[in-house]
Amino acid sequence: MDRDKNKNLFLISVIVFLVICILLYFSRRVAAPFFIAFALAYLMDPLVDKMVRKGFPEQGPVLFLMGAFFLLLVFACILFFPILRRRQKI
Numbered sequence: 001m002d003r004d005k006n007k008n009l010f011l012i013s014v015i016v017f018l019v020i021c022i023l024l025y026f027s028r029r030v031a032a033p034f035f036i037a038f039a040l041a042y043l044m045d046p047l048v049d050k051m052v053r054k055g056f057p058e059q060g061p062v063l064f065l066m067g068a069f070f071l072l073l074v075f076a077c078i079l080f081f082p083i084l085r086r087r088q089k090i
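Quick note on numbering: the sequence shown equals residues 1 to 90 in the working numbering.
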């Protein structure tokens, strides 16, 4: 009885895992921004926590870090797009 229960649980787990993998595969274009946002939040959370412990209100560090990230992104685009364009013409 216990063996059948474990076997059924294993089969259900495998089926659920496969369904999740298939859903992720077909929704990869839609899901990419969510994964990027999750990664950014995961990386910036310790910095925000440290700045809040130093006495800043929580919105300040979040706005500062997001602004700094987007400035770095814009700077990288300004720097690398001309280089990529020149390489493409060759």
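Note that beta-carbon positions come from the ideal geometry of N, C-alpha and C, so glycine has one too.
What does the alpha-carbon distance come out to for the pair residue i and residue j?
i                : j                : result
leucine 23       : phenylalanine 81 : 34 Å
phenylalanine 75 : phenylalanine 69 : 10 Å
leucine 40       : leucine 71       : 14 Å
proline 57       : tyrosine 42      : 19 Å
aspartate 4      : valine 16        : 18 Å
asparagine 8     : phenylalanine 34 : 33 Å
In its own chain, which residues sit with a C-beta less than 8 Å from the C-beta of residue i, not counting the 5 before and 5 after it?
i             : result
isoleucine 36 : none
Spell out a yes or no on whether the segment 63–78 and the segment 40–52 are touching, meaning 3 or more CB-CB pairs, one atom from each, closer than 8 Å.
yes
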